[in-house]
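Student: Once you've had a glance at the structure underneath, I'll fire off some questions.
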Amino acid sequence: MTTKREIGVVPPIVLNDGSLIPQLGFGVFQVPPDQVFDTVTAALRAGYRSIDTAAAYQNEEGTGRAIRQFGLPRDEIFVTTKLWNSDQGYDSTLRACTASLDRLGLDYLDLYLIHWPVPAADKFVDTFRAFQRLKADGLVRSIGVSNFRIADLERVTAETGETPSVNQIELHPRLVQRALREYHAEHAIATEAWSPLGQGTLLDDPVVTRIAGEVGRTPAQVVIRWHLQLGNVVIPKSVTPARIEQNFDVFGFELTGDQMRAITALDDGTRTGPDPDTFAMGLDT
Ligand code: A2P
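Residue numbers (the working numbering): 130 to 414.
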């Protein structure tokens, strides 16, 4: 089942299954469990209608409580969570989804992602087959992946007959992921950027601060705007209410082609997080 309804004021991206995802959402990576209720409530007050969590963040419970207590109709909020590495495999994936839904207090997810490919485990194809079943059963509206490399995307598509709707990857001006973004565009996979601000490390970069001065906006707003103009779905994180609001106020200005190119030229391949080639946290063996 798909929804074509726009959610909130943020322009949507149309996924390859027909569903709509707001292009700007709110990420709760590294938001401590005891802060997540207030943080998600602040984000919903600021106007965010897409919330991105994960089983591994250990904050699904507070995230779900904030969403439910805020009181919006369920179809006016887009909720993403992710399957942790130790739950990969067909049956364990079905169980893990139910457990995430229980913690969130929801009866379906808008988007479920395989958090990491974990090549050493070689289970992501079976895991994605379980995602197909969850979608057919109505527990999940859209299915995708995170941190997948081109070879992983090719394999999952070839072996399951279904192209993931989303690949959520580390992406920011120091890691612009050109090859993956081109592959996504060719195969109708939406690119979603995690750590879109480089975990905050980009905000004092001289190019970013110069452009922020030119457009009269903050460095964070400039970087978020760069993502939006590239076509990325973007999920900045903050626990600070004023920043949460500031990061949402990015639809009243535009970067020029020169400004976009100057920011893209900051790419030097720097990761702030793990490398998908080797990351296997949670794996037993
Ligand atoms: P905090 O959560 O303390 O407000 P990313 O989304 O790339 O992971 O970046 C998150 C980091 O960037 C956090 O440390 C967050 O700090 C910081 N941050 C988020 N928004 C802003 C902003 N508008 N100005 C300055 N720092 C920000």
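Just so you know, even glycine gets a beta-carbon here, dropped at the ideal spot from N, CA and C. Because the structure is a prediction, the values reported are computed rather than measured.
1. From T132 to S221, what distance separates their C-alpha atoms?
2. Taking contact to mean 3 or more Cβ pairs, one atom from each stretch, closer than 8 Å, check whether the segment 252 to 267 and the segment 175 to 190 are in contact.
3. Tell me where the beta strand (DSSP E) around L179 begins and ends.
4. With DSSP run on the structure shown, which of helix, strand or coil describes L115?
5. Using the DSSP secondary-structure output, state which residues sit across from K142 in a beta bridge.
6. Taking all protein chains shown into account, do 16 or more other C-beta atoms lie within 10 angstroms of the C-beta of D415, making it buried, or fewer, making it exposed?
7. Would you check whether the ligand A2P has a heavy atom nearer than 7 Å to the C-beta of P365?
8. When DSSP labels each residue in this structure, what does D397 get in the three-state scheme?
9. List, from N- to C-terminal side, the beta strand (DSSP E) runs of 3 residues or more that fit wholly inside the segment 290 to 351.
10. With the cut-off set at 8 Å, would you say A259 and L223 are in Cβ contact?
11. Looking at L282: is its Cβ nearer than 8 Å to the Cβ of H244?
12. Using DSSP with H/G/I as helix, E/B as strand and the rest coil, what is Y241?
13. From I298, T320, W355, G290, pick the residue whose C-alpha is nearest to that of L332; which is it?
14. Which residues does DSSP pair with S221 in a beta bridge?
15. Kindly list the residues whose CB is nearer than 8 Å to the CB of Y312, restricted to its own chain and excluding five residues on each side of it in sequence; keep chain order.
16. Please tell me whether L153 and F382 are closer than 8 Å, where the distance is taken between their beta carbons.
17. With N276 and T320 assumed to form a contact (beta carbons below 8 Å), what rounded beta-carbon distance in angstroms separates them?
18. Relative to the ligand A2P, is the shortest distance from any of its heavy atoms to the C-beta of A172 smaller than 7 Å?
19. Can you tell me whether I364 is helix, strand or coil according to DSSP?
20. For the structure I just gave you, are there three or more beta carbon pairs, one from the segment 388 to 408 and one from the segment 322 to 340, closer than 8 Å?
21. For R346, count neighbouring C-beta atoms within 10 Å of its own C-beta (all shown protein chains included) and say buried if the count is 16 or more, exposed if not.
22. Just reading off the beta strand (DSSP E) that I206 is part of, what are its end residues?
23. I'd like the span of the beta strand (DSSP E) that includes V269, first residue to last.
24. Hey, I196 and I136: beta-carbon distance below 8 Å or not?
25. Please determine whether the Cβ atom of V344 lies at a distance below 7 Å from any heavy atom of the ligand A2P.
26. Going by C-alpha to C-alpha distance, which of R372, V352, M410 sits closest to L395?
27. When burial is assigned at 16 or more other CB atoms within 10 Å of the CB, is M130 buried or exposed?
28. From E288 to V337, what distance separates their C-alpha atoms?
29. State buried or exposed for P302, treating a residue as buried only when at least 16 other CB atoms are found within 10 Å of its CB.
30. Please determine, among A250, L201, Q306, the residue with the shortest C-alpha to C-alpha distance to Y219.
Tutor: Reading it off the structure:
1. As a position in the sequence shown, residue 132 is number 3, starting the count at 1. As a position in the sequence shown, residue 221 is number 92, starting the count at 1. Confidence at T132 is low in this model, with a pLDDT of 46, below 50, so its placement is unreliable and no value can be given for it.
2. no
3. Residue mapping note: residue 179 aligns to position 50 of the sequence shown, counting from 1. The residue you asked about is not Leu; residue 179 is Ser in the sequence shown. Segment 179 to 181, the beta strand (DSSP E) holding S179.
4. A query on residue 115 cannot be resolved here, the shown segment of the chain reaching from 130 to 414 and no further.
5. For the purposes of this step, residue 142 is taken as the residue at position 13 of the sequence shown. The sequence as given places Ile at residue 142; Lys does not occur at that position. For I142, which the question treats as bridged, DSSP gives the partners I150.
6. With the chain covering only 130 through 414, there is no way to say anything about residue 415.
7. Within the sequence shown, residue 365 is the residue found at index 236, counting from 1. P365 Cβ: within cutoff of the ligand A2P.
8. Locating residue 397 in the sequence shown gives position 268, where the first residue counts as 1. Coil at D397, not helix or strand.
9. 295 to 299, 319 to 323
10. One-based indexing of the sequence shown puts residue 259 at position 130. One-based indexing of the sequence shown puts residue 223 at position 94. It is a contact, given that the beta carbons lie within the stated cut-off.
11. The residue you call residue 282 lines up with position 153 of the sequence shown. The residue you call residue 244 lines up with position 115 of the sequence shown. At the C-beta level, L282 and H244 stay beyond 8 Å of one another.
12. Residue 241 sits at position 112 when you count from the first residue of the sequence shown. Y241: strand per DSSP, three-state reduction.
13. Here the question's residue 332 lines up with position 203 in the sequence shown. Closest option to L332, Cα to Cα, is W355.
14. On the sequence shown, position 92 is the one that residue 221 refers to. Looking at the DSSP assignment, S221 forms no beta bridge with any residue, so it has no partner.
15. What you label residue 312 is simply residue 183 of the sequence shown in a count that begins at 1. Answer for Y312: I279, L282, I318, listed in chain order.
16. Along the sequence shown, read from residue 1 onward, the residue named residue 153 stands at position 24. Along the sequence shown, read from residue 1 onward, the residue named residue 382 stands at position 253. Cβ atoms of L153 and F382: not closer than 8 Å.
17. Indexing the sequence shown from 1 puts residue 276 at position 147. Indexing the sequence shown from 1 puts residue 320 at position 191. Contact flag wrong, Cβ pair sits at about 12 Å.
18. Taking the first residue of the sequence shown as 1, we reach residue 172 at position 43. Closer than 7 Å to some heavy atom of the ligand A2P: that does not describe the Cβ of A172.
19. The sequence position of residue 364 within the sequence shown is 235, counting from 1. Here I364 sits in coil by DSSP.
20. yes
21. Here residue 346 corresponds to residue number 217 of the sequence shown, with the count starting at 1. R346 comes out buried.
22. Position 77 of the sequence shown, counting from 1, holds the residue named residue 206. No beta strand (DSSP E) contains I206, which DSSP labels as neither H nor E.
23. Here residue 269 refers to the residue found at position 140 of the sequence shown. The continuous beta strand (DSSP E) containing V269 extends over residues 269 to 275.
24. Here the question's residue 196 lines up with position 67 in the sequence shown. Here the question's residue 136 lines up with position 7 in the sequence shown. Contact: no.
25. As a first step, residue 344 is located in the sequence shown; it is residue number 215 there, counting from the start. No.
26. Working through the sequence shown from its first residue, we reach residue 395 at position 266. Nearest of R372, V352, M410 to L395, Cα basis: V352.
27. Here residue 130 refers to the residue found at position 1 of the sequence shown. Here the model assigns M130 a pLDDT of 40, short of 50, so the residue's position is not dependable, and the following value carries that caveat. Classification for M130: exposed.
28. Residue 288 sits at position 159 when you count from the first residue of the sequence shown. Residue 337 sits at position 208 when you count from the first residue of the sequence shown. Approximately 42 Å, taken between the alpha carbons.
29. As a working note, residue 302 is residue 173 in the sequence shown. Buried is the call here.
30. Mapped onto the sequence shown, residue 219 falls at position 90. That would be A250, whose Cα lies nearest to the Cα of Y219.
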